[in-house]
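Visitor: Everything in the sequence shown is counted per my numbering, starting at 2 for the first residue and increasing by one. C-beta atoms are modelled at their ideal positions from N, C-alpha and C, and glycine is treated no differently. Dropping a structure here in structure tokens format, bear with me for questions.
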Amino acid sequence: MKKQFFWGGSASAFQFEGGGTEGGKGSSIYDIREKETGVTYSVASDFYHHYKEDISWMAEMGFQAFRMSIAWSRLFPDGDGVLNQEGADFYRNVFLELKKYQIEPVVTLFHWDLPYSLVQRYDGFQSKKTLQAFIQYCKTCFGLYGDIVKYWLTLNENNLGLMLPSMYSNKKRRKSDADYWQYQWDSYHNTVMAHFYAVRLCHEMIPDAKVGCMMASSLAYPLSSDPRDVRAAQIHNQKVNWDELDLFTTGRYNTRMQQQMKEAAITLNTSESERAVMEDASSKMDFISFSYYFSVCMRDGENKNNENAKTIQMLYAAYENPCLEKSTFGWTIDPMGLRIFINELYDRYKLPVMIVENGLGVKDDILNEDGTVHDEYRIAYLREHIQAVNQARKEDHVPVLGYLPWGCIDLYSASGDWSKRYGFIYVDFAHDLKRYRKDSFFWYQKVIASDGEELGHS
Ligand code: BGP
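This is the structure:
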């Protein structure tokens, strides 16, 4: 690996790619959600048909890396079985196009879009059959693209797994259902195994590649200096941030997680051979990647919900930080928190880190008649966060592998709303999906060209 630090951007298949079931793709859970909600994931930003154009925009900005995900059901329409060659060719063409501009693909194997057939047949990740299908899918990806893709991420934000109810299930389960926690733990454990198998396979099949996990950071501060509040924040950070990383780095459930299983009377569906995989040195990841959007506050006793906590990232109750401003979407803006989180991660795990999601999602972008979008608020947000990354890299000397802000070209929000935009490039979702450069596009171009030094004035 020659390159030390990548500037670029990030997206996921179900939010960006579109292309529906064209080219032999099977349905994912989002294609089914489309039928229920009317949110047109089958179109999204239509990268499927625009990829050459989009990659040329990325190149114009100076991107050195682009994080994207493979839609599992484009390679295996049913999740397992026979490879869909047309789908395989699509991603190869995308990777070649990226390489044409020396843009490094950083590929997430699984960004939530589970093939629906696996939900129907096996009730999702709770079944070992889905795990087996995932292993086959990983082998195929590494075999098909190992010559060209050298950075892999396993499962998107898997640390939220236990909190996401019935995400991959056929059946809506409630916490009051007798099998609720057993189902949650079975599913979670299989995604944990999916991570370990993917890391091990990647090391075996592509020895010169790097593979990491992808976590949702959720940095909690105590609401006051009362030690009880400090403890409340610590508990949150352990549960949401550290427990899974402890597991991924040691190959063992820590005592807190074991205790949780005991209290819920869980019998984990696992085996000696799985335990051996978990503890195998080749199943240990090379770096940690994460998303960072906001921080939260905790206090002793009952925490209350943030007013705007309805999106998928905030699956817990928390307090807003009285010292920080909020975005129009209600998320606190905390660049210092990013520096703190990067340091905390490195102090704990001594692994290089990669920021693969960050950015300002707003509904305020206005496309003017002359095709301009004046998004100075986004520039202000990114400037401060990039400063924090620079400090972590250059003053705190943490090995940071890259900064790949989210939704670099506008895409669909996780909550299914295309009016929440993050991009440097505006996509006209309401009309013809035409792309327009925002002011932040030209700003980011200079940032990249100067390796993060030229950030403009605040
Ligand atoms: C992360 C997801 C992304 C993305 C992002 C922004 O949790 O990995 O898929 O959507 O959050 O969130 P939102 O789309 O809700 O603004």
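Taking L99 as the reference, give the member of K364, W58, Y117, I387 with the closest Cα.
Guide: Comparing Cα positions, the closest option is W58.
Visitor: Could you give the uninterrupted runs of the beta strand (DSSP E) lying entirely in the segment 405 to 434, keeping only those of 3 residues or more?
Guide: Complete beta strand (DSSP E) runs here, min 3: 426 to 428.
Visitor: For the candidate residues E18, T131, I33, V212, whose alpha-carbon lies nearest to that of V354?
Guide: With distances taken between Cα atoms, V354 lies closest to V212.
Visitor: With C-beta atoms as the reference, is F126 less than 8 Å away from S167?
Guide: No, Cβ-Cβ distance for F126 and S167 is not below 8 Å.
Visitor: Taking 7 Å as the cut-off, does the CB of E358 come closer than this to any heavy atom belonging to ligand 1?
Guide: Yes, since a heavy atom of ligand 1 falls inside the 7 Å radius drawn around the Cβ of E358.
Visitor: Helix, strand or coil for R68? Go by DSSP, reduced to three states.
Guide: Looking at R68 - three-state DSSP - the assignment turns out to be strand.
Visitor: Could you tell me which of K327, Y445, M337 sits nearest to G362, measuring between CA atoms?
Guide: For the residues K327, Y445, M337, the minimum Cα distance to G362 belongs to K327.
Visitor: Please tell me whether, using a cut-off of 7 Å, the distance from the CB of K421 to the nearest non-hydrogen atom of ligand 1 is below it.
Guide: Correct: K421 has its Cβ closer than 7 Å to ligand 1.
Visitor: Check whether the Cβ atoms of F197 and L156 sit closer than 8 Å, and answer yes or no.
Guide: Not in contact: F197 and L156 (Cβ atoms no closer than 8 Å).
Visitor: Answer yes or no: the CB of S218 versus the heavy atoms of ligand 1, is any distance below 7 Å?
Guide: It does not: the Cβ of S218 is nowhere closer than 7 Å to a heavy atom of ligand 1.
Visitor: E205: which of C324, K285, V107 sits nearest, CA to CA?
Guide: When only C-alpha atoms are compared, the closest one is K285.
Visitor: Once you ignore the five residues that flank H237 on each side, which residues in its own chain have a CB closer than 8 Å to its CB?
Guide: Cβ neighbours of H237 beyond the five flanking positions: S219, A221, V297, M299, Y317, A319.
Visitor: Kindly indicate which three-state DSSP category A310 falls into: helix, strand or coil?
Guide: For A310, the predicted structure reports a pLDDT of 49, less than 50, and the residue's modelled location is therefore unreliable. A value from the coordinates is still provided. Note: A310 maps to coil in three-state DSSP.
Visitor: Can you give me the start and stop residues for the alpha helix (DSSP H) that Y49 sits inside?
Guide: Per DSSP, Y49 belongs to the alpha helix (DSSP H) from 48 to 62.
Visitor: Identify which residue in V231, Y347, S441, S70 has its Cα closest to the Cα of W243.
Guide: Checked all of V231, Y347, S441, S70; the closest Cα to W243 is Y347.
Visitor: Buried or exposed: where does P406 fall if 16 or more other Cβ atoms within 10 Å of its Cβ makes it buried?
Guide: Buried, by the Cβ-count rule.
Visitor: Count the other CB atoms within 10 Å of the CB of K311; is the residue buried (16 or more) or exposed (fewer)?
Guide: Note that K311 has pLDDT 49, beneath the 50 cutoff, so the model's placement of it is unreliable and no number is given.
Visitor: Helix, strand or coil for S29? Go by DSSP, reduced to three states.
Guide: Three-state result, S29: strand.
Visitor: Between the beta-carbon of I56 and the beta-carbon of A14, is there less than 8 Å?
Guide: Going by C-beta atoms, I56 is not nearer than 8 Å to A14.
Visitor: Tell me whether G362 counts as near ligand 1, meaning its Cβ is closer than 7 Å to at least one heavy atom of that ligand.
Guide: Yes.
Visitor: Quick check: is any heavy atom of ligand 1 less than 7 Å from the C-beta of N157?
Guide: Yes, since a heavy atom of ligand 1 falls inside the 7 Å radius drawn around the Cβ of N157.
Visitor: Can the beta-carbon of G63 be found less than 8 Å from the beta-carbon of I449?
Guide: Yes. Within cutoff.
Visitor: Would D227 be called buried (16 or more neighbouring beta carbons within 10 Å of its own) or exposed?
Guide: Label assigned to D227: exposed.
Visitor: The alpha helix (DSSP H) with G88 in it runs from where to where?
Guide: Taken as a continuous stretch (DSSP letters only), the alpha helix (DSSP H) holding G88 covers 86 to 101.
Visitor: Could you tell me how far apart the beta carbons of S74 and S29 are, in whole angstroms, since I believe they sit closer than 8 Å?
Guide: Contact holds; Cβ gap of about 5 Å.
Visitor: Counting Cβ pairs closer than 8 Å, one from the segment 118 to 134 and one from the segment 77 to 85, do we hit at least three?
Guide: Result yes; three or more Cβ-Cβ pairs closer than 8 Å.
Visitor: With hydrogens ignored, establish whether the beta-carbon of W73 is closer than 7 Å to any heavy atom of ligand 1.
Guide: No, Cβ of W73 sits at least 7 Å from all heavy atoms of ligand 1.
Visitor: Compare the beta carbon distance of D440 and H375 with 8 Å and say whether it is the shorter of the two.
Guide: Taking 8 Å as the Cβ cut-off, D440 and H375 qualify as a contacting pair.
Visitor: Could you check what DSSP says for R201 in three-state terms: helix, strand or coil?
Guide: Correct three-state label for R201: helix.
Visitor: Counting Cβ pairs, one atom from each stretch, are 3 or more of them under 8 Å apart for the segment 43 to 52 and the segment 406 to 420?
Guide: With the cut-off at 8 Å, the segment 43 to 52 and the segment 406 to 420 touch.
Visitor: Is S414 a contact residue of ligand 1, with contact defined as CB to any heavy atom under 7 Å?
Guide: Indeed, a heavy atom of ligand 1 lies less than 7 Å from the Cβ.
Visitor: Look at the alpha carbon of A179 and the alpha carbon of G331, and state the distance between them as a whole number of angstroms.
Guide: So the alpha carbons of these two residues sit roughly 36 Å apart.
Visitor: Going by DSSP, what residues sit across from E455 in a beta bridge?
Guide: According to DSSP, E455 bridges with nothing at all.
Visitor: Starting from I380 and walking both ways along the alpha helix (DSSP H), at which residues does that stretch end?
Guide: Note, I380: alpha helix (DSSP H), 377 to 391.
Visitor: Based on the DSSP secondary-structure assignment, which residues constitute the bridge partners of Y152?
Guide: Partner(s): V107, K211.
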